[in-house]
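Protein chains: 2
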Amino acid sequence: MPSPQLLEEYSQFFRLLSEPARLQLLCHLKQGPLDVASLIEATGFSQSHISRQLGQLQRAGLVRCEREGTRTIWQADGVLVDELCALVQTRLKQRLQAQLEQLQVT
Amino acid sequence: MPSPQLLEEYSQFFRLLSEPARLQLLCHLKQGPLDVASLIEATGFSQSHISRQLGQLQRAGLVRCEREGTRTIWQADGVLVDELCALVQTRLKQRLQAQLEQLQVT
DNA sequence: TCCCTGTATGACAATACGCGCATTATGCCT
DNA sequence: AGGCATAATGCGCGTATTGTCATACAGGGA
Numbered sequence: 046m047p048s049p050q051l052l053e054e055y056s057q058f059f060r061l062l063s064e065p066a067r068l069q070l071l072c073h074l075k076q077g078p079l080d081v082a083s084l085i086e087a088t089g090f091s092q093s094h095i096s097r098q099l100g101q102l103q104r105a106g107l108v109r110c111e112r113e114g115t116r117t118i119w120q121a122d123g124v125l126v127d128e129l130c131a132l133v134q135t136r137l138k139q140r141l142q143a144q145l146e147q148l149q150v151t
Numbered sequence: 046m047p048s049p050q051l052l053e054e055y056s057q058f059f060r061l062l063s064e065p066a067r068l069q070l071l072c073h074l075k076q077g078p079l080d081v082a083s084l085i086e087a088t089g090f091s092q093s094h095i096s097r098q099l100g101q102l103q104r105a106g107l108v109r110c111e112r113e114g115t116r117t118i119w120q121a122d123g124v125l126v127d128e129l130c131a132l133v134q135t136r137l138k139q140r141l142q143a144q145l146e147q148l149q150v151t
């Protein structure tokens, strides 16, 4: 059994990925570095919201930024999220497959 | 870019793991099948709460149950959560390592 | 059949979180 | 220094979620 502290850390991490808005930001940044204006354009969220979400992702080490004058250029940091999503995708596929077979048997 | 629907599915899945209570249940069940009384004993949560959380995990295919008279025996289903946690753990370690080096440099 | 044990569900309080608006802080340019 | 663009923060509202208590439901044994 993992310690309660570790469970807490895990859950906090997964919580970051439990919001479509944040996943969306991560996916956009995965394509390449972007400034905040582009993210606003791409997602339709308010500047304040995006700023906060990026802050959270940054604290978790999932994104990183570099200042360029007053603008800030953000980019995804690491491939962890890709790997996690790949695993989940595999699972989702399996489940759909299973449901499909279930239907065909019936 | 994944479709919004897919992002939604991912986030819903990760949301399941974003709660220490649910992770805790998963971890206990990973050790082997347990009945609800044992889970109450082990976690200290109320029966109703455990019932609900197990329901969510079951719908996602993360746990599975078999009736044994009036009792219900639950067990973890699949290794996905282990794999996800292993990935996250690696990341956590890396980050702590980095912080450590940062401190030593300073 | 009635009771007794164990599970699921309805109602509710407390809390956390998403999201935007308005404001403030920060850095560049003239 | 003053003004302008951009990013961060305070605040508030609405909604979703956690967790409990009380209650309804199901299955086995006398």
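Chain order of the listed sequences is A and B. Heads up: the first sequence at position 76 corresponds to 121 in our numbering, and the numbers run straight through without jumps. Heads up: the second sequence at position 97 corresponds to 142 in our numbering, and the numbers run straight through without jumps. Ideal placement from N, C-alpha and C gives every residue a C-beta, glycine not left out.
* Tell me where the alpha helix (DSSP H) around A/Thr88 begins and ends. => Working through the first sequence from its first residue, we reach residue 88 of chain A at position 43. A/Thr88 -> alpha helix (DSSP H) spans 81–88.
* B/Cys72 at chain A interface by Cβ criterion, 7 Å -> If you number the second sequence from 1, residue 72 of chain B lands on position 27. Chain A contact via Cβ: present.
* Asked: So, does the CB of A/Gln144 fall closer than 7 Å to a CB anywhere in chain B?
  -> To locate residue 144 of chain A, count along the first sequence from 1; it is residue 99. So no, A/Gln144 is outside the interface.
* Asked: Taking one C-beta from the region 132–150 of chain A and one from the region 78–85 of chain B each time, how about it: are there three or more such pairs within less than 8 Å?
  -> no
* Asked: Listed from N- to C-terminal order along the chain, which residues in the region 87–115 of chain A have their beta-carbon within a distance smaller than 8 Å of any beta-carbon of chain B?
  -> Gly106
* Residues of chain B with a CB under 9 Å from the CB of A/Gln147: which are they? -> Here the question's residue 147 of chain A lines up with position 102 in the first sequence. Here the premise fails: no neighbours, minimum Cβ distance about 13 Å.
* Supposed close pair A/Leu62, B/Phe59 - CB separation, criterion 8 Å -> For the purposes of this step, residue 62 of chain A is taken as residue 17 along the first sequence, with counting starting at 1. For the purposes of this step, residue 59 of chain B is taken as residue 14 along the second sequence, with counting starting at 1. Right, the Cβ-Cβ distance comes to about 4 Å (below 8 Å), so this counts as a contact.
* **Reference A/Glu128, options A/Pro47, A/Gln139, A/Leu107, A/Trp119, closest by Cα** => The residue labelled residue 128 of chain A in the question sits at position 83 within the first sequence. When each option's Cα is compared against that of A/Glu128, the closest is A/Leu107.
* Bounding residues of the alpha helix (DSSP H) (the contiguous stretch that carries B/Thr135) -> Residue 135 of chain B sits at position 90 when you count from the first residue of the second sequence. Where B/Thr135 is concerned, the enclosing alpha helix (DSSP H) stretches over 125–150.
* Quick one, which residues of the region 124–141 of chain B are near chain A if we go by CB-CB under 9 Å, in chain order? -> Leu125, Glu128, Leu129, Cys130, Leu132, Val133, Gln134, Thr135, Arg136, Leu137, Gln139, Arg140
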